[in-house]
Ligand SMILES: *Cc1c(COP(=O)(O)O)cnc(C)c1O
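Residue numbers (full-length UniProt numbering): 1 to 355.
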């Protein structure tokens, strides 16, 4: 079965085999070698300086990393502006509410790009705001939000930026030289690891002001102990094995730019093939990520018919989220997928749509 849902992804044989390595105690040097390699390679993805940046690992899904980042990196007296145009922006607002973090929202329809003039006006109207958070790739719709433009607004106002890059880290450009204090991501999306390992890449300077709202997800404690070749709790050792192997493979294949090219080629192959069947994408390619594309359901076929028909042909596609489920379906091209796989997928669509 090939997974075209936005994570977990179809594994390469190399990563799958890495799960079968020897058992490790997480209090022994061999585990800390593994942890050190994962942390160093994660910084290497965007060539970040380990003196200034720290990759902090945790056991959990992508949401754990996002929650840890928000709960820890908005200081006690800080205030967060949340730019929201999809499910994942909404989730950050729920996290901020749950931790009683002072926050304000700039909300948009899920089919809209962030309105930069509204974000600027909200920042200018409230000098208490210390941090902005945005979803880089809103997986709800496949839209790639304009991180550089949000970053510029933050830089001009000396406000710090926290990014949910769960579905873009490793495949889209991220410029860490501006106001970004941290990005949260996971092993099992663009990096092609298995679910269970997540991480926050953060400036060391931001850790110095971290709040201690969370217990298990206390980013400051995790960073401190990991720097000392230690860990607060039992990590998912096997997920760390797979993450390290996936990062080695990632480097061997040419890093994030090569992954971006590979996803772009597959996503365009699918877009062009579906266009021949009259199936339109929600966005033009330049507004979309290369990671996932949302398409309008063709007339006369329900999502269930499409999903079930493709599943019998060996592919799992993904429904639209929330209110968009009757309108859209989604195809992610993350994971160990090839052009031949996409040819077979398109053949499946042809059989199902022209019936
Ligand atoms: C997948 C995803 C998450 C986290 O989802 P989990 O199920 O917790 O791994 C968060 N943000 C975005 C943008 C995502 O795509």
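Heads up, the beta-carbon is just placed ideally off N, CA and C, and yes, glycines get one too. Quick caveat: nothing in here was measured; it's all calculated off a predicted structure.
inquiry  = Would residue 9 and residue 334 be called neighbours here (beta carbons separated by less than 7 Å)?
reply    = yes
key: Pair within 7 Å by beta-carbon distance, residue 382 and residue 208   = The shown model of the chain, from 1 to 355, leaves out residue 382, and the question about it has no answer.
ask   = Where does residue 106 fall in DSSP's three states?
value = strand
Proximal residues to residue 165 (C-beta, below 7 Å), its chain only, five neighbours per side dropped = 136, 174, 183, 184, 185
Continuous beta strand (DSSP E) stretch holding residue 53: start and end = 53 to 59
ask   = Looking only at C-alpha atoms, which of 261, 55, 265, 288 sits nearest to residue 221?
value = 55
ask   = Mind checking whether residue 210 and residue 243 have CB atoms under 7 Å apart?
value = no
query = If we count the other Cβ atoms within 10 Å of its Cβ and call it buried at 16 or more, is residue 189 buried or exposed?
reply = buried
query = Measuring CB to CB, does residue 151 end up less than 7 Å from residue 178?
reply = yes
request  = Could you pull out every residue in the same chain whose Cβ sits closer than 7 Å to the Cβ of residue 302, ignoring the five residues on either side in sequence?
outcome  = none
query = On the premise that residue 96 lies in contact with residue 70, defined as a C-beta separation below 8 Å, what is that separation, rounded to the nearest angstrom?
reply = 6 Å
request  = Have a look at 83, 239, 42 and flag the residue whose alpha-carbon is nearest the alpha-carbon of residue 20.
outcome  = 239
request  = May I have the straight-line CA-CA distance separating residue 2 from residue 125, to the nearest angstrom?
outcome  = 48 Å
task = Counting only the same chain and skipping the five closest in sequence on each side, list residues whose C-beta sits under 7 Å from that of residue 236.
result = 59, 196, 197
ask   = What residues match up with residue 280 in a beta bridge as DSSP calls it?
value = None; residue 280 has no bridge partner.
query = Measuring from the CB of residue 135, is there a heavy atom of ligand 1 at a distance below 6 Å?
reply = yes
ask   = How would you label residue 338, buried or exposed, when you count the other beta carbons within 10 angstroms and need 16 or more for buried?
value = exposed
message = Buried or exposed, going by whether 16 or more other CB atoms sit within 10 Å of the CB of residue 359?
response = Any answer about residue 359 is impossible in this case: the structure gives the chain only from 1 up to 355.
query = Counting pairs of Cβ atoms below 8 Å between the region 82 to 89 and the region 105 to 119, do you hit three or more?
reply = yes
inquiry  = Among the candidates 249, 245, 159, whose CA atom is the shortest distance from the CA of residue 128?
reply    = 159
request  = Rounded to whole angstroms, what's the CA-CA distance from residue 144 to residue 288? Just pull it up for me.
outcome  = 5 Å
key: residue 343: first and last residue of the uninterrupted beta strand (DSSP E) it sits in   = It is not in any beta strand (DSSP E) - residue 343 instead sits in the alpha helix (DSSP H) that spans 339 to 353.
task = Have a look at residue 187 and residue 332 and give me their C-alpha separation to the nearest angstrom.
result = 16 Å
ask   = What's the gap between the Cα of residue 36 and the Cα of residue 245?
value = 13 Å
inquiry  = Less than 7 Å between the C-beta atoms of residue 86 and residue 140, yes or no?
reply    = yes
key: Minimum length 3: unbroken beta strand (DSSP E) runs contained in the region 148 to 177   = 160 to 164
query = Taking just the CA atoms, how far does residue 227 sit from residue 49?
reply = 15 Å
key: Beta-ladder partner(s) of residue 288, from DSSP   = 143
message = I need the boundaries of the alpha helix (DSSP H) containing residue 26, first residue and last residue.
response = Taken as a continuous stretch (DSSP letters only), residue 26 belongs to no alpha helix (DSSP H), as it is neither H nor E.
request  = Can you give me the start and stop residues for the beta strand (DSSP E) that residue 329 sits inside?
outcome  = 328 to 332
key: Spatial neighbours of residue 249 in its chain, beta-carbon cut-off 8 Å, leaving aside the 5 residues before and after   = 12, 14, 15, 192
query = Which one of 172, 199, 225, 230 has the shortest CA to CA distance from residue 30?
reply = 230
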